Amino acid sequence: MIQLQDIEKVYRTKTIETVALNRVNLHVERGEFVSIMGPSGCGKSTLLNIMGLLDDPSSGQVIIDGQPVKTHSDKQLARLRNEKIGFVFQSYHLIHDLSVVDNVELPLLYRNVSAIERRKRALAALEKVGLSARTKHFPSQLSGGQRQRVAIARALAGQPEIILADEPTGNLDSVMGDEIMDILLRLNQEEGTTIVMVTHDENMALKTNRLVRFFDGQQVADSRLVEAQI
Amino acid sequence: MLKNYLKIAWAVLLRRKFFTFISLFGISFTLMVLMVVTSLFDHVFGPQMPERETDRLLFVNNLREEQGEGYSSSGPPSYYFLDRYVRRMQTPEKVSVHSVFNPVNSYIHNKKLALDIKHTDQQFWEILDFHFLEGNPFGAQEVKNASRVAVINQTTRKNYFGTGPALGQTIEVDQVKYRVIGVVEDVPVLRIQSYADVWVPITLKSQEFKDTGLRGSFFATIKARQAADIPKIKEEYARIIQDVTRLNPKEKKQVHSYPDTILESFARNFLGSGKEDKVGFLYTMLALAAFLFMLLPTINLVNINISRIMERSSEIGVRKAFGASSNTIIGQFVVENVFLTLLGGLLGFLLSAGVLALINDSGIIIYAQLGLNLRVFAWGLLLCLVFGLISGVYPAFKMSRLHAVEALRGGSK
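Chains as they are written, first to last, in the UniProt record's numbering: chain A, 1 to 230; chain B, 1 to 413.
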C-alpha cells in the first residue's frame with residue numbers, strides 16, 4: 001500500500017544540519033493498523049507527513065500502490081492525497097468559519113461530486129462518528145473530543161484507503177481518547193481502512209496490530225501485535 | 001465549490017469587521033469619487049441639453065492679442081469681429097453670435113431676483129437643442145426689429161408666475177420690460193455658451209455693435225454640417241485669423257483665436273497659454289490622477305490581503321492536505337477578493353447616487369442635474385476588479401507556494 005524506501009529528511013540552515021529521518025524503510029500493508037511511537041523530536045510526524053505527501057524527503061522514495069510519486073506534479077500529488085489519504089491531526093485543524101458539515105465536506109469539494117451527494121456523504125460520515133446532532137454547529141461550539149470526531153468524519157468523507165493520524169488523542173482526556181481510538185479501530189476492522197497512527201500513548205499503540213518504534217530519526221523496532229481489539 | 005468559497009468569504013468578512021470596513025471603504029469611496037468626478041466631467045464637457053451634438057459644435061469664446069515684448073491680453077471677441085469674419089464663414093452649416101451672460105436684477109413682489117441675461121440671434125435657437133416647455137424661441141423678424149421679447153428658464157418662470165400662465169406676460173429685467181414668448185428647461189451654469197435665465201434678441205445690445213475692436217463680450221457657436229467637417233472649419237478659421245492679423249499691420253498685433261470643442265476650449269485656456277491645444281495633456285493628467293487615486297486603495301488591499309491570508313495559513317494547509325492544489329488555493333482567494341470587490345462596488349454605486357443627489361439638491365452648481373454614468377461605473381468597477389485580482393493573486397500565490405506542512409504549522413486548533 002505505502003512503501004518508504006531509504007527515506008532521509010535533513011533540515012539545513014546555514015550553520016546546522018539536522019537529520020530528522022535516517023534511511024527509513026517501511027512497508028505498510030493494505031488493511032494494517034500501524035502505530036508509530038518514539039520520543040518527541042524523533043521524526044514520527046515528519047515520517048507521517050512524508051507518507052501523506054505533505055512533505056518531500058531529502059532522498060529516497062515514497063511508493064503508493066506500486067507507483068513512485070517522486071516525479072508527480074503538484075496537481076497529481078493533490079489528487080492522490082484527495083482520493084487515497086485522509087488526515088487526522090492532533091490539533092484537529094478544522095476551519096473555524098465553516099460549520100461542522102461544511103468542514104466534513106472539504107475533501108469532496110475537490111472532486112466532481114454534486115452538492116447533494118457531498119452533503120449526503122458528509123452526513124453519513126458524521127453519523128459514523130456519532131455527531132449527527134451537531135451538523136450545523138461551528139467548531140468553536142464543540143468540545144475537544146467532538147472536534148476530533150469531526151476531523152475523523154472529514155477524513156472519512158472522501159472514503160480514503162489510508163488514514164494518517166498524527167497523535168489523534170494527544171489533546172484529549174483518557175475517556176475521549178478511548179472514544180476516538182474505538183472509532184479508528186472500528187474503521188480498520190469493519191471497513192478495512194489502512195491506518196497509520198503516531199502516538200505517545202503505549203496503551204493506544206498496543207491496541208493496533210503493528211508497532212513501529214523510532215529513535216533519533218531511525219526505525220529501531222517493528223513488532224507485529226495480536227489482532228487489534230476494540 | 002463556489003458556494004463554499006462564498007460562504008467562507010462571507011464568514012471571513014464578518015469575522016474581521018475592521019479589515020472588512022477598511023477594504024470596503026477603500027473600494028467604495030474610490031469608486032464614489034471616480035463616479036462623482038466623471039459625472040461632473042460629463043456634465044461640463046459631455047453632450048447634454050442644449051449642447052447635444054457636441055461632435056458637430058465648435059465654440060469661439062476667446063481671442064488673444066499679442067503686441068510684442070511679451071505683452072498680451074485676451075478675452076471674449078467683439079460683435080464686430082464675429083459678425084464680420086466668423087458669421088461669413090463658408091464651411092459651417094450655421095453660425096450664431098451671442099453675448100456672454102450678464103448678471104442683472106429683477107424685482108418681483110418687492111423681492112430681488114438675481115438673473116443672468118444673454119443676448120442671442122435666431123441661429124442660436126436653431127443650432128442648440130433647447131427643450132421648450134412652453135411657447136417658442138424668437139425668430140429673425142424679432143431679432144431684426146429688436147423686439148422686447150424673452151425666453152425664460154423654468155426656474156425664472158416659477159419665481160415670476162408660479163403656476164399661473166407665463167406666455168404673453170411681462171417680466172421686467174434691469175428696468176426693461178420684455179414679453180415672455182417661451183419657457184425652456186433650466187440649463188446648467190457650467191454650460192457657459194448657452195446658459196442664462198433670460199434670453200433676449202441680440203439687437204437689443206446694438207450699442208456694442210459699433211465698437212470695431214477685436215475684443216468685446218460676445219461668443220460664437222458654430223455648427224458643422226457633419227462631424228467630418230470640423231477640421232475644414234478649423235482651417236478656414238485659421239485663415240481668417242491670418243487675414244485679421246494681415247489687415248491690421250499698423251497695430252503690430254498677433255491675433256490668436258480658435259474654434260474649439262468645449263473640452264479643447266477648457267484645456268487651451270486653463271492649461272495652456274491660450275495658443276496650444278492641451279487636450280492630450282489634460283487627458284494624461286486625468287489618467288495619471290485616476291491611476292494614483294486608485295493606487296492607494298490597491299496598496300491598501302494588497303496589505304490587508306497579505307495579513308488576511310497569512311492568518312489563514314492553517315486553513316491553506318488543511319485544504320492542501322485534503323486535495324487542493326496550489327492553483328485551487330489561488331482560485332479560492334481570487335474568488336473571495338472578487339466577491340469583496342463586487343460588494344465594495346455595489347456600495348460605491350449607492351454612495352455615488354447619494355452624493356450626486358446631494359449635489360443636485362444643494363444648488364452648489366446652479367441647475368445641475370448630475371446623473372450616474374453607467375459607462376463610467378462599469379469602467380471603475382472593472383478597474384477595481386483588476387486591482388482586486390492583482391491584490392488577491394499576489395498574496396494567494398505566495399501562500400499557495402507554502403508547503404502544506406509549513407502552512408499547517410502556521411496555525412492550530
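Each residue gets a CB set at the ideal place from its N, CA and C atoms; glycine is no exception. In this text the structure is predicted, and so the values were computed from the model without any measurement.
What residues from chain B crowd round A/Tyr110, counting only those whose CB sits closer than 9 Å?
By 1-based counting over the first sequence, the position of residue 110 of chain A is 110. Residues of chain B passing the Cβ test: Met1, Arg319, Phe322, Gly323, Ala324, Ser325, Thr328.
Kindly indicate if chain B contains any beta-carbon less than 8 Å away from that of A/Gly43.
For the purposes of this step, residue 43 of chain A is taken as the residue at position 43 of the first sequence. By this cut-off, A/Gly43 is not an interface position.
Would you check if the distance between the CB atom of A/Ile50 and the CB atom of A/Pro57 is smaller than 8 Å?
Sequence index remark: in the first sequence, residue 50 of chain A carries index 50 (1-based). Sequence index remark: in the first sequence, residue 57 of chain A carries index 57 (1-based). The answer is yes: Cβ separation under 8 Å.
Below 7 Å CB to CB, which residues in the same chain sit around B/Arg319 once its five sequence neighbours on both sides are set aside?
For the purposes of this step, residue 319 of chain B is taken as the residue at position 319 of the second sequence. The answer, listed in chain order, is Ile329.
Residues of chain A with CB under 9 Å from B/Lys7, in chain order?
Within the second sequence, the letter at position 7 stands for residue 7 of chain B. Under the 9 Å cutoff, chain A gives Asp97, Leu98, Ser99, Asp102.
Reference residue 476 of chain B; option with closest CA among B/Tyr195, B/Leu14, B/Ser72, B/Glu172:
Because chain B here runs from 1 to 413, residue 476 of chain B falls outside it and cannot be looked at.
Going along chain A, which residues have a C-beta under 7 Å from B/Pro404?
Taking the first residue of the second sequence as 1, we reach residue 404 of chain B at position 404. Per the sequence shown, residue 404 of chain B should be read as Ala rather than Pro. Per Cβ cutoff of 7 Å: Leu54.
Could you spell out where the beta strand (DSSP E) holding B/Gln254 opens and where it closes?
Translated into the one-based positions of the second sequence, residue 254 of chain B becomes position 254. Per DSSP, B/Gln254 belongs to the beta strand (DSSP E) from 254 to 256.
Exposed unless 16 or more other CB atoms sit within 10 angstroms - verdict on A/His93
As a position in the first sequence, residue 93 of chain A is number 93, starting the count at 1. Buried: at least 16 other Cβ atoms inside 10 Å.
Does the ligand SAH have even one heavy atom less than 7 Å from the beta-carbon of B/Lys3?
As far as ligands go, the structure on display features none, and thus does not contain the ligand SAH.
Looking at chain B, is there any beta carbon in it that lies within less than 8 Å of the beta carbon of A/Ala228?
Locating residue 228 of chain A in the first sequence gives position 228, where the first residue counts as 1. Unreliable placement is indicated for A/Ala228, whose pLDDT of 48 sits below 50; the coordinate value is still reported in the next sentence. Judged by the 8 Å Cβ criterion, A/Ala228 is not in contact with chain B.
At the level of alpha carbons, what is the spacing between A/Asn209 and A/Ala125?
Stepping through the first sequence from its first residue, residue 209 of chain A is reached at position 209. Stepping through the first sequence from its first residue, residue 125 of chain A is reached at position 125. Going by the C-alpha atoms only, they are around 24 Å apart.
Nearest-angstrom Cα distance between B/Gly345 and B/Leu31?
In the second sequence, residue 345 of chain B corresponds to position 345, counting from 1. In the second sequence, residue 31 of chain B corresponds to position 31, counting from 1. Rounded to the nearest angstrom, the two C-alpha atoms are 7 Å apart.
Does DSSP classify B/Asp129 as helix, strand or coil?
For this step, residue 129 of chain B is matched to residue 129 along the second sequence. Coil at B/Asp129, not helix or strand.
Span separating the alpha-carbon of B/Phe339 from that of B/Ile27:
What you label residue 339 of chain B is simply residue 339 of the second sequence in a count that begins at 1. What you label residue 27 of chain B is simply residue 27 of the second sequence in a count that begins at 1. Cα to Cα, the separation comes out at about 12 Å.
Helix, strand or coil for B/Asp116 per DSSP?
As a working note, residue 116 of chain B is residue 116 in the second sequence. B/Asp116: strand per DSSP, three-state reduction.
Using a Cβ cut-off of 8 Å (strictly closer), state whether B/Leu408 contacts chain A.
Taking the first residue of the second sequence as 1, we reach residue 408 of chain B at position 408. Yes, B/Leu408 counts as interfacial toward chain A.
Closest residue to A/Ile195 among A/Arg111, A/Ile152, A/Asp201, A/Gly170 (Cα-Cα distance):
Within the first sequence, the letter at position 195 stands for residue 195 of chain A. It is A/Ile152.
Please state the DSSP three-state secondary structure of A/Leu211.
By one-based count along the first sequence, residue 211 of chain A stands at place 211. Three-state DSSP puts A/Leu211 in a strand.
What residues of chain B sit near A/Arg79, judged by a beta carbon separation below 9 Å?
As a working mapping, residue 79 of chain A is identified with position 79 in the first sequence. The contacting residues are Gly323, Ser325.
Could you please give the first and the last residue of the uninterrupted beta strand (DSSP E) stretch that includes A/Val222?
Counted from its first residue, the first sequence places residue 222 of chain A at position 222. Looking at the sequence itself, residue 222 of chain A is Asp, so the reference to Val does not match. 218 to 224 is the span of the beta strand (DSSP E), which, as asked, contains A/Asp222.
Suppose you measure from the CA of B/Leu6 to the CA of B/Ile306; what does that come to, to the nearest Å?
Within the second sequence, the letter at position 6 stands for residue 6 of chain B. Within the second sequence, the letter at position 306 stands for residue 306 of chain B. Approximately 19 Å, taken between the alpha carbons.
Among A/Val19, A/Asp6, A/Gln67, A/Glu83, which has the Cα closest to the Cα of A/Gln159?
Stepping through the first sequence from its first residue, residue 159 of chain A is reached at position 159. Per the Cα distances, A/Glu83.
B/Asn102: first and last residue of the uninterrupted beta strand (DSSP E) it sits in
Here the question's residue 102 of chain B lines up with position 102 in the second sequence. Where B/Asn102 is concerned, the enclosing beta strand (DSSP E) stretches over 102 to 108.
Out of B/Cys384, B/Phe130, B/Leu34, B/Gln332, which one is the CA nearest neighbour of B/Gln193?
Taking the first residue of the second sequence as 1, we reach residue 193 of chain B at position 193. That would be B/Phe130, whose Cα lies nearest to the Cα of B/Gln193.
Using a Cβ-Cβ cutoff of 8 Å, what residues of the region 188 to 215 of chain A are near chain B? List them in chain order.
none
Once the 5 residues before and after B/Gln169 are set aside, which same chain residues still bring their CB inside 7 Å of it?
By 1-based counting over the second sequence, the position of residue 169 of chain B is 169. Once the five neighbours on either side are set aside, the close Cβ partners of B/Gln169 are Phe161, Val180.
Counting C-beta neighbours from all protein chains within 10 Å, is the total for B/Met399 16 or more, i.e. buried, or is it exposed?
Along the second sequence, read from residue 1 onward, the residue named residue 399 of chain B stands at position 399. It counts as buried.
Using a C-beta to C-beta distance shorter than 7 Å, which residues of chain A count as neighbours of B/Leu315?
By one-based count along the second sequence, residue 315 of chain B stands at place 315. A small correction: the amino acid at residue 315 of chain B is Glu; Leu does not occupy that position in the sequence shown. Near B/Glu315 (Cβ distances below 7 Å), the residues of chain A are Ile95.
Neighbouring residues, chain A, relative to B/Asn4 (Cβ below 8 Å):
Translated into positions along the second sequence, residue 4 of chain B becomes position 4. In chain order: Leu98, Asp102, Glu105, Leu109.
Would A/Asn22 pass as an interface residue toward chain B - the criterion being a Cβ-Cβ separation below 8 Å?
Translated into positions along the first sequence, residue 22 of chain A becomes position 22. No, A/Asn22 lies away from the interface with chain B (no Cβ there is under 8 Å from its Cβ).
Within its chain, find whatever has a CB closer than 6 Å to the CB of B/Glu66; leave out the 5 residues flanking it on each side and keep chain order.
The sequence position of residue 66 of chain B within the second sequence is 66, counting from 1. If we look at B/Glu66 and ignore the five residues flanking it on each side, its Cβ neighbours are Ser72, Gln254.
Just checking, does the region 96 to 112 of chain A make contact with the region 168 to 176 of chain A on the three C-beta pairs under 8 Å criterion?
no
Give the residues of chain A in contact with B/Arg15, contact being defined as C-beta atoms less than 7 Å apart.
Numbered from 1 along the second sequence, position 15 holds the residue referred to as residue 15 of chain B. Asp97, listed in chain order.
Kindly indicate which three-state DSSP category A/Ser114 falls into: helix, strand or coil?
For the purposes of this step, residue 114 of chain A is identified with residue 114 of the first sequence, where counting begins at 1. DSSP places A/Ser114 in coil when its eight states are reduced to three.
Counting only beta-carbon atoms, is A/Asp222 nearer than 8 Å to chain B?
Sequence index remark: in the first sequence, residue 222 of chain A carries index 222 (1-based). So, not an interface residue.
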